[in-house]
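Undergrad: Sharing a structure, written as structure tokens. Questions coming.
Here's what the structure looks like:
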């Protein structure tokens, strides 16, 4: 396993482990994070552990044209009960993603250090958020990193049913991105049309 030093670089993709880990250590500086995302790499680790950098062999993505909106979701959208905004409450969104209880067990992986790092990216216009409101209360949303015409999704949350789906559908239909990077397989996103592609194809699209 390769440990990063102060230089902003990552090992060759051929050195990735079978679990998709490409390196350990380093920091979450703006420069390193931007360099990582531009090369299809993202951090994912728990409090107290070293920073773990991933570049999985199978990448979960959604091409906007493949978006699937169920009949029940179309009814919810048609009711127009929710208000959806962009980049108006980034810090609230990441706070909720960090602290909300999850059935998948991934509710605590956003550390304090990571939270602040993405807030810093947002202040530079690199990290973006989608917010879903009901009766003037934030009930759902997502955030991620923008790389050229690709949105690299990081996390989402819902405090009422379907709120995160609404945020994801809004993001996909915005026509701002040619690809939504969902990183690893997620049953929730698969139901919306996301699928796995090989890493080489993902990197080709990312760098084109």
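Numbering (the working numbering), first residue to last: 9 to 216.
Ideal placement from N, C-alpha and C gives every residue a C-beta, glycine not left out.
Source: prediction; values computed, not measured.
Our contact map puts residue 172 next to residue 148 with C-beta atoms below 8 angstroms; I'd like the distance itself, whole angstroms only.
TA: 5 angstroms
Undergrad: Does the beta-carbon of residue 58 have 16 or more other beta-carbons within 10 angstroms, so that it is buried, or is it exposed?
TA: exposed
Undergrad: Assign residue 189 to buried or exposed, taking buried as 16 or more other Cβ atoms, counted over all protein chains shown, within 10 Å of its Cβ.
TA: buried
Undergrad: Can you tell which of 156, 177, 165, 92 has the C-alpha that lies nearest to the C-alpha of residue 82?
TA: 177
Undergrad: Of the choices 155, 169, 168, whose alpha-carbon is the least far from that of residue 50?
TA: Ranking 155, 169, 168 by Cα distance to residue 50 puts 155 first.
Undergrad: Going by beta-carbon coordinates alone, are residue 179 and residue 138 separated by less than 8 angstroms?
TA: yes
Undergrad: State the DSSP-derived secondary structure class of residue 105, mapped to helix, strand or coil.
TA: helix
Undergrad: Identify whether residue 92 lies in helix, strand or coil by the three-state DSSP scheme.
TA: Residue 92: strand per DSSP, three-state reduction.
Undergrad: Is residue 157 buried or exposed, if buried means 16 or more other CB atoms sit within 10 Å of its CB?
TA: exposed
Undergrad: Given a cut-off of 8 angstroms, decide if residue 205 and residue 64 are closer than it, judged by their beta-carbon atoms.
TA: No, the Cβ-Cβ distance between residue 64 and residue 205 is not below 8 angstroms.
Undergrad: Run through the DSSP bridge pairs and tell me what residue 160 is partnered with.
TA: According to DSSP, which records beta bridges pairwise, residue 160 is partnered with 153, 189.
Undergrad: Assuming residue 187 contacts residue 48 (C-beta within less than 8 angstroms), just tell me the rounded distance between them.
TA: Taking 8 angstroms as the upper bound for CB-CB distance, residue 187 and residue 48 are not in contact here, some 12 angstroms apart.
Undergrad: For residue 51, name the three-state secondary structure that DSSP assigns.
TA: strand
Undergrad: Could you give the DSSP three-state label for residue 220: helix, strand or coil?
TA: The question about residue 220 has no answer here: the residues shown for the chain are numbered 9 through 216.
Undergrad: According to DSSP, is residue 196 helix, strand or coil?
TA: helix
Undergrad: If you draw a straight line from the C-alpha of residue 105 to the C-alpha of residue 175, how long is it?
TA: Residue 105 and residue 175: Cα-Cα distance of roughly 13 angstroms.
Undergrad: Taking its Cβ as the centre, do 16 or more other Cβ atoms sit within 10 Å of residue 169, making it buried, or is it exposed?
TA: exposed
Undergrad: Just verifying my parser: in three-state terms, what is the DSSP assignment at residue 207?
TA: helix
Undergrad: Starting from residue 29, trace the beta strand (DSSP E) in both directions and tell me its first and last residue.
TA: Looking at the DSSP string, the run of the beta strand (DSSP E) that includes residue 29 is 29-33.
Undergrad: Given 8 angstroms as the limit, is there contact between the stretch 33-42 and the stretch 65-82, that is, 3 or more CB pairs closer than that?
TA: A contact between stretches requires three or more CB pairs, one per stretch, nearer than 8 angstroms, and the stretch 33-42 fails this requirement with the stretch 65-82.
Undergrad: So, helix, strand or coil for residue 87, using DSSP?
TA: helix
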